[in-house]
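First comes the structure, then the notes that go with it.
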Amino acid sequence: MPSSAEAAIEAALDCARSTPHRALELLAEVPSEERTPRADLAEGLARRLLGELVPSTRLLERAAADAQDPRLRGIVLRSLAFNYEELGRAGDADAAIEESISLLEGYERSLSILQRAFLAIARGRYRDAFAALEEAASGIDPETDPNTYLLVLHNRAVVAMETGRYRRAAADLDRAHGLAVEVGDLPAAADAALHRSQVAAWLGRIPEALGWFRRSRELRKRLGRPDPVGHMEHAIVLVEAGLDTDAELVLREALPHLAAADRRAQAHLLLGRLALGRGEPETAAAEARRARDLVLDDSRFHREADALEARAAVAAHPGELASVRRLVDAAAAHRAAGELLSARSLLVDAAVAFADLGRLDDAEAALRRAGSGRSGPLRLQVRWWFARARLRHAAGRRAAAWRALEAAVRRLERHLEGLGAPDLRARALDEFAPLFRLGVDLAVDAGAATRVVRWIERTRLLTLPLPADADPELEALRATLRRLGGTTDPETRRRRLRLERRVVALAHEREGGDPARRAAPRPPSARPETHTEILYAEGASGLVAVVSDSGGRRLHPLPEATALQPLLDHLAAAFGRLSRHQTSPRSVAAAVASIGDLVARLREGLVTPLEADSPPVVVLPTGWTRRVPWSLLFDEPPTVATLPGTGPRIAPLRPRRPVVVAASGLADAGSEARAVADLLGVSPTPAVRAEVLAACEDADLLHLATHGELRSDRPLLSALFLDDGPMHLLDLHERPRVPTVVVLAACGAGGPALGGPAGALGFAEVLVGRGSRVVIAPSYPVRDDLARRVVVGFYRHLGAGTPPGAALAAAGEDDDLVGLTARSFLCLAGT
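Below you can see the structure in the form of structure tokens.
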């Protein structure tokens, strides 16, 4: 039977790691002559937990020296190695852990190997850490010691993430999450879910990443713990998803509540990355310095700060070789630490920067060191192949550049197929804008007009939305959001903002639909024989137009056209003045004159140089040219299309199942609806969301007279306001079928909420992408009485057998102001 001293020592050992003060109380009762190495071990562990590292180390050293049992000495040395590492005595720590491993067997030996892994992680030696964790895992039974096995899985996943082994990390975190839930360890389950979201984000699986984060957040709520760290980690996922505004909002909210210096440093590095994305390299460099100052003794964060500063230097001084060299140096530091993915990413950036400087040998060397473009996260693969295309283009090897560019697009297609939300797809495409511009430049350099057309066709197909099925949980949240739509008190507004964030977050979690269900475009003709097709595309060198007609295809570089972009804002302001009901005749005349001048300048820059305005004309705008009111630039309004191969005009339509809807909040909506309904021979349908969505299933023409709102911050919540609340862009995206013709008589509903070189996102794009043949909507704010006269005139001509585009143009023949308004409407044709 053990003595009272021995019992006190064993009790102290049991509680040394959890209740150190109690352990010290128990040891104080042990006479000095009865103290053993186990007593010194217990006191050393307790004092370490209390932050008394030097006394703790002395006690553990004495326990190791006095221990006669090799097993006990090995256990003490394992704890001593940790103390040595904390004191900066790396050599002593290595010696202690290696002797511990040599002295122990079985389970205890595996624990010491696990400690070896922790030492390697602390020093950034991830390859050594991964090998040690693999060995430790083989000696720990998850059935008998699930907590330690969870520790192994979690750390092995973290190391796998740092070294770019994301699929291995995902497998370990899946197992860790399942095991933690099984044994009821909710904190471990929440941590596993949080890291699993990061892995999915780095693999480009954004919906999956957001879903895992939501699971982590729900677990932490059950624990009743505030989670600023979780919010900060959520920002990482949002950055990977291209949701920079949301990411910055989350970071700014979390930063004041982050206690640990390394967490604050990580937040500043993320803020710097966001600043770099906004084109603010000086701000990015400042955030990198803040991060470095917070963790003066942490080499990992110093490497990240150096990488951010190097990228900021290249952005601020693109012609400086020294800045590019800093990228290479930063990559070398990451590679030496085993952070292979970070190193590869930096080297890809360096390859592109070297190519910009004309240093092709250095660029090739950097790309070779970056590894292969056939492995790693899809986004990194896209960037690698883009860099290769840039190098081949710079070397004059156009065929090789095209092959590399095609490889990049194939990988981008795979990345996009995982994104169900159309705004995520649009933002992903915008991220790779240089890729699309390079394709245009390659075709222009070769003088290959047909290749420009095919390239734009290929890239525009990427923008078509994938179908999405309705989600009950999402629908319930949106129903609540609609009920709050008209309220203005502060508390309700705050609740509405929270709901908006939840709705959008849930929509972003949805995977991409089946590509086979996408509305398929018709195969384009090789070359138009009966009309003129004008395609506008953005290259890195500026805008280019391709004119196609029965005589062939011709390239027209328009390098000075980019300077016309600001005119579009002035044009919107002028139409805004016309939309005011109390505008004086003098102000109306001034606005009309301004519009005339602006339109003349746009025509001179975009149409006149082409000598191709003989009707019928089809215009295919991309990038910023999507905002141009093309009907105002031609004598006979053209058809505006999304893809090459669209006919010059939609054939005359005689709708058999028209539906007319007018919201009561619009001043002239009632009279407009009655007039339109009389012309179409139907009765107006109530402006209720359920009725309108049902009409999408059955109608071949849908007319909506209502107020509208385009939102660039949350494009999915762009809305058309009905009597029972808003109908969002997300509602239309989910429709399995949409009407052949849709008329949105809502201010600005024809404009894009998001725009980019590959394509835009707005009501018109979603409807055409889902299968509408033509969408008509005002591109600018429109006075209600003018809108009514335009749409009534449109339907009168449509009923007489005039095609939709021509019917719209003819709607204002009897009045100059109505005619100007009619020509400001978008008439977008599908295929």
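Heads up: the sequence shown runs through residues -2 to 828, numbered per the working numbering. Glycine included, each C-beta is placed from N, C-alpha and C at the ideal position. Because the structure is a prediction, the values reported are computed rather than measured.
Asked                                                                                                                                                                   : Found
Nearest CA to the CA of residue 280: which residue from 312, 300, 358, 217?                                                                                             : 312
Does the stretch 290 to 302 touch the stretch 433 to 453, meaning 3 or more C-beta pairs lie closer than 8 Å?                                                           : no
Return helix, strand or coil for residue 529, following the three-state DSSP convention.                                                                                : strand
Which of helix, strand or coil does DSSP assign to residue 631?                                                                                                         : coil
Use the C-beta contact count for residue 144: other C-beta atoms within 10 angstroms, 16 or more gives buried, fewer gives exposed.                                     : exposed
Run the CB neighbour count on residue 51, radius 10 Å, all protein chains shown included, and call it buried at 16 or more, exposed below.                              : exposed
Determine whether the beta carbon atoms of residue 802 and residue 787 lie at a separation below 9 Å.                                                                   : no
Given a threshold of 16 other Cβ atoms within 10 Å of its Cβ, counted over all protein chains shown, does residue 711 qualify as buried or as exposed?                  : buried
Quick check on residue 613: does DSSP put it in helix, strand or coil?                                                                                                  : coil
How many angstroms separate the CA atom of residue 516 from the CA atom of residue 304?                                                                                 : For residue 516, the pLDDT reaches just 45, beneath the cut-off of 50, and the residue's location in the model is therefore unreliable, although a value from the coordinates is still provided. Each residue's Cα considered, the two are about 43 Å apart.
What does DSSP give as the partner residues of residue 773 in its beta bridges?                                                                                         : 740, 824
Does residue 826 pass the burial test, meaning 16 or more other C-beta atoms within 10 Å, or should it be called exposed?                                               : buried
By DSSP's criteria, residue 656 is part of a beta bridge. Which residues make up the other side?                                                                        : 699
When the Cα of residue 314 is compared with those of 277, 758, 297, which residue comes out closest?                                                                    : 277
So which of 451, 137, 131 has the shortest CA-CA distance to residue 166?                                                                                               : 131
So, residue 170 versus residue 190, is the Cβ gap smaller than 9 Å?                                                                                                     : yes
Under DSSP, the alpha helix (DSSP H) around residue 3 begins and ends at which residues?                                                                                : 1 to 12
Mark residue 123 as exposed unless 16 or more other C-beta atoms lie within 10 angstroms of its C-beta, in which case mark it buried.                                   : buried
Name the two residues that bound the continuous beta strand (DSSP E) containing residue 636.                                                                            : 636 to 638
Less than 9 Å between the C-beta atoms of residue 572 and residue 777, yes or no?                                                                                       : yes
If you draw a straight line from the alpha carbon of residue 761 to that of residue 338, how long is it in whole angstroms?                                             : 40 Å
Output needed for residue 508: all residues of its chain with C-beta closer than 7 Å, excluding positions within five of it in sequence on either side, in chain order. : 204, 415, 417
Roughly how many angstroms lie between the CA atoms of residue 38 and residue 8, to the nearest whole one?                                                              : 12 Å
Which residue's Cα is closest to the Cα of residue 718: 709, 696, 741?                                                                                                  : 741
What did DSSP end up calling residue 180 once you bin it into helix, strand or coil?                                                                                    : helix
Does residue 208 come out as helix, strand or coil in the three-state DSSP assignment?                                                                                  : helix
Shortest alpha-carbon distance to residue 96 belongs to which of 121, 84, 69?                                                                                           : 69
Restricting to Cα atoms, I'd like to know which of 498, 253, 593 is closest to residue 225.                                                                             : 253
So, are the CB atoms of residue 702 and residue 679 less than 9 Å apart?                                                                                                : no
Rank 261, 671, 186, 413 by C-alpha distance to the C-alpha of residue 202 and give the top, closest one.                                                                : 413
Quick one: grab the DSSP three-state call for residue 661.                                                                                                              : coil
To the nearest whole angstrom, what separates the beta carbons of residue 772 and residue 739, a pair I think is in contact under 8 Å?                                  : 5 Å
Do residue 322 and residue 306 have their C-beta atoms within less than 9 Å of each other?                                                                              : no
Apart from the five residues just before and just after residue 693, which ones in its own chain have a Cβ nearer than 6 Å to its Cβ?                                   : 732, 735
Is it buried or exposed, residue 1, if we count other Cβ atoms within 10 angstroms and call 16 or more buried?                                                          : exposed
Could you tell me the alpha carbon to alpha carbon distance between residue 560 and residue 289, rounded to whole angstroms?                                            : 41 Å
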